[in-house]
Amino acid sequence: MPFFELSLIAILGLISGLMIGCIGIGGVILVPSLVFLADVPIHVSIPAAMFAYILSGLVATAVFAQNKSIEWPMALWLCAGAMPTAFLGAWTVNVLNPRILEVCIGLLTLLSGLNALTTKIGGGSTGRADVSKKTLGIVGAVVGFLSSLSGTGGPLVLVPILITMSVPVLTAVGLSQAIQLPIAIAATFGNVLYGTLNLELGGVLAVALTFGSWGGARLAHVVPRTTLRRIVSIVLVAVGLFILGNILWRLIR
Numbered sequence: 138m139p140f141f142e143l144s145l146i147a148i149l150g151l152i153s154g155l156m157i158g159c160i161g162i163g164g165v166i167l168v169p170s171l172v173f174l175a176d177v178p179i180h181v182s183i184p185a186a187m188f189a190y191i192l193s194g195l196v197a198t199a200v201f202a203q204n205k206s207i208e209w210p211m212a213l214w215l216c217a218g219a220m221p222t223a224f225l226g227a228w229t230v231n232v233l234n235p236r237i238l239e240v241c242i243g244l245l246t247l248l249s250g251l252n253a254l255t256t257k258i259g260g261g262s263t264g265r266a267d268v269s270k271k272t273l274g275i276v277g278a279v280v281g282f283l284s285s286l287s288g289t290g291g292p293l294v295l296v297p298i299l300i301t302m303s304v305p306v307l308t309a310v311g312l313s314q315a316i317q318l319p320i321a322i323a324a325t326f327g328n329v330l331y332g333t334l335n336l337e338l339g340g341v342l343a344v345a346l347t348f349g350s351w352g353g354a355r356l357a358h359v360v361p362r363t364t365l366r367r368i369v370s371i372v373l374v375a376v377g378l379f380i381l382g383n384i385l386w387r388l389i390r
């Protein structure tokens with residue numbers, strides 16, 4: 138790859154990683170940015186992004202775990218549901234038109250952000266959430282499949298769902314970091330089997346995402362919790378509008 142293209146990809150990965158580490162949202166901008174700004178084909182972008190989430194997810198999870206911000210019993214059930222469907226999503230991405238999926242993710246993200254902005258939840262950001270193991274497993278399965286299929290890594294789909302279920306915002310972000318790693322591993326395994334992984338692109342993204350995720354994860358524990366919740370809500374709305382606007386633009390162009 139030319140130096141300019143590699144530099145652009147690294148910058149996109151750094152910005153995406155910063156958002157993922159801080160607020161759990163960021164993967165959604167990575168694949169569209171690679172496709173529209175760096176001119177990387179979407180079937181190359183998604184596997185490379187999933188590969189990059191392995192290292193960045195490990196680093197961000199370590200930072201959140203060090204700050205005791207991950208509810209591990211919840212994380213285990215989410216991960217157990219996510220891994221098999223993430224592998225399935227890696228196969229499906231090669232055969233399915235993702236437009237309907239993009240619409241669903243866009244609507245989910247937008248509506249969840251609006252709900253979080255307009256709903257006052259006790260504590261708003263910290264504490265424990267009462268969610269059954271069965272529900273966590275089902276949520277994990279949905280998140281694993283959609284994340285692998287869309288190349289978003291897990292946080293984009295999981296954070297809005299958990300916030301809608303009244304899970305405290307820092308807990309939601311912490312769980313989104315924990316689920317990112319097994320989803321990325323399972324999806325990458327599937328992509329390797331299907332021969333669609335560009336290691337050069339994945340390596341550049343992995344380094345950039347890791348630095349960004351590390352900085353973002355540390356920032357998440359400095360920002361006041363109510364402020365973090367508002368940031369997550371606003372970004373969810375913005376990302377939802379971005380996805381839907383992008384789909385509309387492709388339909389009318």
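Here the sequence shown stands for residues 138 to 390, numbered as in our numbering. Note that beta-carbon positions come from the ideal geometry of N, C-alpha and C, so glycine has one too. The structure presented is a predicted model; accordingly, all values stated were derived computationally and were not measured.
**Report entry** Straight-line Cα distance separating W351 from T197
**Finding:** The amino acid at residue 197 is misidentified as Thr; the sequence shows Ala. In a straight line, the C-alpha of A197 is about 6 angstroms away from that of W351.
Query raised in the report: Quick one, which of I157, C159 and L167 has its alpha-carbon nearest V341's?
Result: L167
Query raised in the report: Should G288 and I160 be called a contact, given that it needs their Cβ atoms to be closer than 7 angstroms?
Result: no
Query - Continuous alpha helix (DSSP H) stretch holding N328: start and end - result: V306 to Y331
Query raised in the report: Do L273 and G154 have their C-beta atoms closer together than 7 angstroms?
Result: no
Query raised in the report: Quick one: what does DSSP say P178 is sitting in, helix, strand or coil?
Result: coil
Query - Proximity to L171 [Cα-Cα], best of I148, R367, I320 and T255 - result: I148
**Report entry** Supposed close pair V268, V304 - CB separation, criterion 8 angstroms
**Finding:** 7 angstroms
**Report entry** Opening and closing residue of the alpha helix (DSSP H) in which K270 lies
**Finding:** K270 to S287
Query - Nearest candidate by alpha-carbon position, reference S144, set H358, R387, G382 and V344 - result: V344
Query raised in the report: Can you find at least 3 beta carbon pairs, one from the region 187-196 and one from the region 236-251, that sit closer than 8 angstroms?
Result: no
Query raised in the report: What are the boundary residues of the alpha helix (DSSP H) that includes V294?
Result: P292 to T301
Query raised in the report: Secondary structure at G261, three-state DSSP: helix, strand or coil?
Result: For G261, the predicted structure reports a pLDDT of 46, less than 50, and the residue's modelled location is therefore unreliable. The matter cannot be settled from this model.
Query raised in the report: Using 8 angstroms as the Cβ pair cut-off and three pairs as the minimum, do the region 352-372 and the region 219-232 touch?
Result: no
Query - Nearest candidate by alpha-carbon position, reference P297, set F201, I207 and V374 - result: V374
Query raised in the report: Where L381 and Q203 are concerned, what is the direct C-alpha to C-alpha distance, given to the nearest angstrom?
Result: 36 angstroms
**Report entry** Three-state secondary structure (DSSP) of E208
**Finding:** coil
Query raised in the report: Is the beta carbon of L293 sitting closer than 7 angstroms to the one on M211?
Result: no
Query raised in the report: Are L295 and I322 touching if we call contact CB-CB under 7 angstroms?
Result: no
Requested in this report: Check whether the Cβ atoms of G377 and L283 lie closer than 7 angstroms to each other.
Outcome: no
Report task. Assign R367 to one of three DSSP states: helix, strand, or coil. Result -> helix
Requested in this report: Might you give, ordered along the chain, the residues of its own chain that have their beta carbon closer than 7 angstroms to the beta carbon of L318, omitting 5 neighbours on each side?
Outcome: I191, G194, L195 and T198
Query raised in the report: If we call anything under 7 angstroms between Cβ atoms a contact, is G281 one with I320?
Result: yes
Query raised in the report: Can you tell me the Cα-Cα spacing of C216 and A324, whole angstroms?
Result: 13 angstroms
Query raised in the report: From this set, A219, V369, R367 and L245, which residue's C-alpha is nearest K271's C-alpha?
Result: A219
Query raised in the report: Where does V230 sit, in a helix, a strand or coil, going by DSSP?
Result: coil
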